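S.K.: This structure is in structure tokens; I'll ask about it shortly.
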Amino acid sequence: MIAIVDYKAGNLTSVRLAFEAVGAEVRVTRDPSAVLSADKVVFPGVGAAGSAMANLKSMGLEDAVRSSALSGRPFLGICLGMQILFERSEEDGGVDTLGILPGTVKKFPEVPGCKIPHMGWNQVNGSTEYYFVHSYYAGLCEWTDGVTEYAGVKFTSAAKKGALRAYQFHPEKSGPAGLRLVREFAEC
Amino acid sequence: MLTKRVIPCLDVRNGRVTKGVKFKNNVDLGDPVEMAVGYSGGGADELVFYDITASAEHRPIDIGMVEAVAKAIRIPFAVGGGISCAADMERVLLAGAEKISVNSLAVRNPAIVSEGAKAFGSQCIVLGMDPVKSANRSCPCGYEVTVRGFREFTGIDALEWAKRAVGLGAGEIVVNSVDADGTRAGYELEITRMISDAVGVPVIASGGAGCPAHLVEAFQSAHADAAIVAGIIHSGEWTIADIKSAMAQAGVPTRLHY
């Protein structure tokens with residue numbers, strides 16, 4: 541069973557549908573014990589880091605998510621769910637996040653011709669394109685597994701640390717290439 | 012490089028995709044889900060559906076269709092038409108759409124843009140607008156916003172409206188030129204560029220594509236971030252692959268792995 545963590549950070553329909561499309565058994569849940577007992581955990585998220593962290597705390601999910609990410613069980617962070625795995629975010633005036641990956645999440649600089657959010661299909665590691673929507677980014681770190689460039693910044697678009705995977709892009713909305721990543725996680 | 016998006020537009024009338032010229036003379040083109048699957052597999056970067064009869068018939072958008080599309084494709088899509096409040100937006104998003112497009116509704120009730128952006132995030136809220144060339148003194152940019160499918164002039168300056176909508180929280184703007192719509196003579200480059208250069212959010216050119224070179228023009232000369240195509244591909248005359256290879260040849264970044 542794969543638990544998709546619902547902490548009121550955006551719409552989870554696409555994530556659920558993508559896992560169902562590869563035949564995985566998923567459960568969207570707000571229950572900390574369901575997160576802790578799941579074989580695998582998907583931690584999605586769209587929105588702002590400050591309110592997302594506040595939700596995790598008020599819903600009693602922070603410890604369940606952190607210990608799942610550190611447990612050695614397969615764990616997948618997507619978009620804001622990836623950003624929150626870092627130590628800190630400058631969004632919402634600055635907020636401490638889960639601290640599983642090193643570094644601070646920052647806003648893209650304003651560069652002429654580069655609209656914010658970074659929205660659309662961009663390459664990861666100079667080849668396959670995936671679908672991104674975000675205004676903040678995580679810099680490169682020792683766990684960076686995919687690099688993407690926007691607004692003159694090279695940022696972490698994929699990270700890998702033990703059984704933990706994290707994507708800044710939306711694998712659930714990235715066509716066949718994204719679905720391959722969903723399947724890989726479902727079958728790992 | 013962030014690639015420029017090619018977005019097929021599917022106008023849905025009574026559960027079928029149709030295409031008209033200047034919002035008239037509609038012809039049946041096929042089933043929305045089948046067409047979505049075809050375009051998605053053919054390289055579309057995103058899709059947009061307009062339930063074009065929902066508003067006129069005072070009924071909500073066809074949620075069953077949105078759910079069926081969300082199940083069938085794995086690329087982002089936007090839905091417009093028949094949305095009258097934040098609760099309608101939520102239904103569409105929960106059915107699996109990424110984005111909601113509002114047009115006439117936002118002119119009538121601009122607060123819906125901020126309400127939607129606050130509740131679901133700016134990235135979900137697409138402002139559609141139908142500007143037309145105008146000598147109206149209240150429109151110094153030279154283009155006036157029309158609503159209800161070009162049936163009604165508003166006296167609102169298109170450029171000012173775009174800036175205001177972004178201030179309210181619109182995350183993207185579709186500039187659908189009424190003059191160019193269905194003509195296949197090329198996008199309306201002037202107003203598209205004016206808006207794209209003036210706002211910090213992505214701008215989508217719409218209306219008038221007749222050949223792949225028109226998209227290249229929209230990206231290179233009008234600084235569009237994405238372009239909507241309809242008749243040019245629905246007719247079978249050109250494919251998305253044709254458009255993308257023309258883009259690649261002209262040096263416009265485009266997604267080629269699909």
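Sequence order for the protein chains is Z and V.
Residue numbering for the first sequence follows our numbering, starting at 541 and increasing by one per position.
Residue numbering for the second sequence follows our numbering, starting at 12 and increasing by one per position.
Just so it is clear, CB atoms sit at the ideal spot from N, CA and C, and this is done for glycine as well.
Bear in mind the structure is a predicted one, so any value in this text is a computation, not a measurement.
Straight-line CA distance for G166 (chain V) to G41 (chain V)?
M.R.: 37 Å
S.K.: With distances taken from CA atoms, which of Z:E682, Z:G563, Z:K694 and Z:D636 is nearest S591 (chain Z)?
M.R.: The shortest Cα separation from S591 (chain Z) among Z:E682, Z:G563, Z:K694 and Z:D636 belongs to Z:D636.
S.K.: Mind checking the region 196-220 of chain V against chain Z and listing, in chain order, the residues whose C-beta falls within less than 9 Å of any C-beta there?
M.R.: Of all residues in the region 196-220 of chain V, those with a C-beta nearer than 9 Å to a C-beta of chain Z are S207, V210, G211, V212, P213 and V214, reading in chain order.
S.K.: Alpha carbon to alpha carbon, what distance is there between A237 (chain V) and D190 (chain V)?
M.R.: 19 Å
S.K.: By how many angstroms is the C-alpha of R24 (chain V) removed from the C-alpha of H710 (chain Z)?
M.R.: 31 Å
S.K.: Spatial neighbours of I656 (chain Z) within its chain, please: C-beta separation below 6 Å, excluding the five flanking residues on both sides.
M.R.: F648 and S675
S.K.: If you run the structure through DSSP and keep just helix, strand and coil, what is K255 (chain V)?
M.R.: helix
S.K.: At a Cβ threshold of 8 Å, is E565 (chain Z) touching chain V?
M.R.: E565 (chain Z) does not count as touching chain V.
S.K.: Counting only the same chain and skipping the five closest in sequence on each side, list residues whose C-beta sits under 8 Å from that of G262 (chain V).
M.R.: If the five residues before and after G262 (chain V) are omitted, its C-beta is found closer than 8 Å to no C-beta atom of its own chain.
S.K.: Considering only residues of the region 583-645 of chain Z, which uninterrupted beta strand (DSSP E) runs meet the minimum length of 3 residues and lie entirely inside it, listed in chain order?
M.R.: 615-618
S.K.: Output the distance between the C-alpha atoms of Y677 (chain Z) and T696 (chain Z), rounded to the nearest integer angstrom.
M.R.: 7 Å
S.K.: Checking 8 Å against the spacing of the C-beta atoms, do G715 (chain Z) and R85 (chain V) come in under that value?
M.R.: yes
S.K.: Name the chain Z residues that come within less than 9 Å of K81 (chain V), Cβ to Cβ?
M.R.: Looking at the sequence itself, residue 81 (chain V) is Ala, so the reference to Lys does not match. The contacting residues are T553, S554 and L557.
S.K.: Going by beta carbon distance, what residues of the same chain come within less than 7 Å of K700 (chain Z), once the five residues before and after it are set aside?
M.R.: W683 and D685.
S.K.: If you draw a straight line from the C-alpha of P142 (chain V) to the C-alpha of V673 (chain Z), how long is it?
M.R.: Spanning the two alpha carbons is a distance of roughly 27 Å.
S.K.: Taking 8 Å as the CB-CB cut-off, is M593 (chain Z) touching chain V?
M.R.: No, M593 (chain Z) does not count as interfacial toward chain V.
S.K.: Name the one or two DSSP bridge partners that Y677 (chain Z) has.
M.R.: Z:K646
S.K.: May I ask whether a heavy atom of the ligand MG can be found less than 7 Å away from the beta carbon of M100 (chain V)?
M.R.: For the structure depicted, the ligand MG is absent and the ligand set is empty, with no information on it obtainable.
S.K.: At the 8 Å Cβ level, is P19 (chain V) part of the contact set with chain Z, yes or no?
M.R.: In terms of beta-carbon proximity, P19 (chain V) stays away from the interface with chain Z, with every pair separated by 8 Å or more.
S.K.: For the region 27-78 of chain V, which segments carrying the beta strand (DSSP E) assignment without a break, of at least 3 residues, lie completely within its bounds, in sequence order?
M.R.: 27-32, 35-41 and 58-62
S.K.: Alpha helix (DSSP H) containing A178 (chain V): first to last residue?
M.R.: It should be pointed out that residue 178 (chain V) corresponds to Gly in this sequence rather than to Ala. Element bounds for G178 (chain V): A169 to L179.
S.K.: What are the boundary residues of the alpha helix (DSSP H) that includes M205 (chain V)?
M.R.: That run of the alpha helix (DSSP H) goes L200 to A209.
S.K.: In terms of residues, what are the limits of the beta strand (DSSP E) holding D141 (chain V)?
M.R.: I136 to K144
S.K.: Note down, in chain order, every chain Z residue with its Cβ under 8 Å from the Cβ of L104 (chain V).
M.R.: Correct list: N551 and T553.
S.K.: Would you mind giving the Cβ-Cβ distance between I111 (chain V) and I94 (chain V), rounded to the nearest angstrom? I have them listed as a contact below 8 Å.
M.R.: 6 Å
S.K.: Whole angstroms is fine: what's the gap from V581 (chain Z)'s alpha carbon to V545 (chain Z)'s?
M.R.: 7 Å
S.K.: DSSP puts W661 (chain Z) in a beta bridge; with which residues?
M.R.: Z:Y671
S.K.: Could you list which residues in chain A have their beta carbon closer than 9 Å to that of D236 (chain V), in chain order?
M.R.: In the structure shown, chain A cannot be found, because the protein chains are Z and V.
S.K.: Kindly confirm or deny that the region 221-233 of chain V and the region 182-198 of chain V touch, where touching means at least three C-beta pairs closer than 8 Å.
M.R.: The region 221-233 of chain V makes contact with the region 182-198 of chain V; the number of CB pairs closer than 8 Å reaches 3 or more.
S.K.: In three-state terms, what does DSSP make of S697 (chain Z)?
M.R.: strand
S.K.: Around the C-beta of H69 (chain V), are 16 or more other C-beta atoms found within 10 angstroms, so that it is buried, or is it exposed?
M.R.: exposed
S.K.: Taking any Cβ of chain Z, which residues in the region 113-133 of chain V have a Cβ under 7 Å from it, in chain order?
M.R.: G132
S.K.: Please confirm if H268 (chain V) has its CB atom under 8 Å from at least one CB of chain Z.
M.R.: yes
S.K.: Would you kindly work out how many angstroms separate the C-alpha atoms of S573 (chain Z) and V566 (chain Z), rounded to a whole number?
M.R.: 15 Å
S.K.: Taking 8 Å as the threshold (beta carbon to beta carbon), is G587 (chain Z) in contact with chain V?
M.R.: yes
S.K.: If I measure Cβ to Cβ from G634 (chain Z) and keep anything under 8 Å in the same chain, skipping five residues before and after, which residues do I get?
M.R.: Around G634 (chain Z): R628.
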